[in-house]
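Residue numbers (the numbering used here): 220 to 511.
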């Protein structure tokens, strides 16, 4: 067991070594990274500037110690620093909203490329983000395809409040509502539909990381016995929202590389149904096109 962090002024390197050891003992997956992020947050400097810091004052050491203790208890890193970075943007996050994952950046990139493809034809793309959560995918689209008409919806009230905060300085049309009935005014006009919905099977409760299980909203995690209830609902809604030739992209669990695309193939109203892998080679999201 590592020694407690001291309350006197300390050198950054010694603090990081001790903190990383404590986080590793607690089962944190990336202890060195998280320790550095917490120290940079405490000192209000970019993480890359930590080697330039000469000494950390006693008050800052105490603040850092408190954050490390909370992280060791598996409170999400993003809750502790108040932000999550995603592609070229960052969003505010905290209790009540799903913390964006790096894996979802690939799905967002697909949506950006699909919107740009529509833009290249001379039309303004209409994009819908279902289950927007923090609003991070919609925010990325607004940042990377500012010409697009972007619409987002979130059912959970606390998460919707975070999305309002994160999208306040954009032109994204954010709504509070159910994905199954949202955007009746856009039926048959949407070019790109994207979603990172809940997809964890209820029986997988014990396998969910503590950071997610104890801190992410369960509405954003669990989706029926097989984890596919929300994806089935999105398939039905996408069939009504998308224009002929429009495309849909949906994230899923790595164990759903066959079952999630099957929702679309078995519906019999989609073409180009494909699954895509993340950077670790795991099945991560499906795409499909409404026939022209």
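All C-beta atoms, glycine included, are put in the ideal place defined by N, C-alpha and C.
Computed from a prediction, not measured in an experiment: that's the story for all the values here.
Inter-residue Cα distance where the pair is residue i and residue j
i           : j           : result
residue 512 : residue 365 : For the chain, the structure presents residues 220 to 511; residue 512 sits outside this window and is missing.
residue 391 : residue 483 : 28 Å
residue 276 : residue 245 : 26 Å
residue 281 : residue 429 : 25 Å
residue 242 : residue 252 : 10 Å
residue 494 : residue 476 : 7 Å
residue 231 : residue 288 : 17 Å
residue 521 : residue 257 : Since the first and last residues shown for the chain are 220 and 511, residue 521 lies out of range.
residue 355 : residue 371 : 10 Å
residue 259 : residue 233 : 14 Å
residue 329 : residue 458 : 19 Å
Exposure of residue i, with buried meaning 16 or more beta-carbon neighbours within 10 Å
i           : result
residue 267 : exposed
residue 237 : buried
residue 373 : buried
residue 491 : exposed
residue 249 : exposed
residue 375 : buried
residue 498 : exposed
residue 264 : exposed
residue 270 : exposed
Cβ pair residue i, residue j closer than 7 Å
i           : j           : result
residue 303 : residue 316 : no
residue 326 : residue 454 : no
residue 322 : residue 306 : no
residue 318 : residue 358 : no
residue 508 : residue 466 : yes
Beta-ladder partner(s) of residue i, from DSSP
i           : result
residue 507 : 467
residue 493 : 506
residue 229 : 275
Residue i beta carbon near the ligand ATP (any heavy atom closer than 6 Å)
i           : result
residue 476 : As presented, the structure is devoid of all ligands, the ligand ATP included, so that no description of it is given.
Can you give, in chain order, each stretch of the beta strand (DSSP E) that sits fully within the segment 372–433 and has at least 3 residues? 392–395, 409–414
Continuous alpha helix (DSSP H) assignments of at least 4 residues falling wholly in the segment 331–371: 355–363
If we require 3 or more residues per run, which beta strand (DSSP E) segments fall completely within the segment 304–332? 308–311
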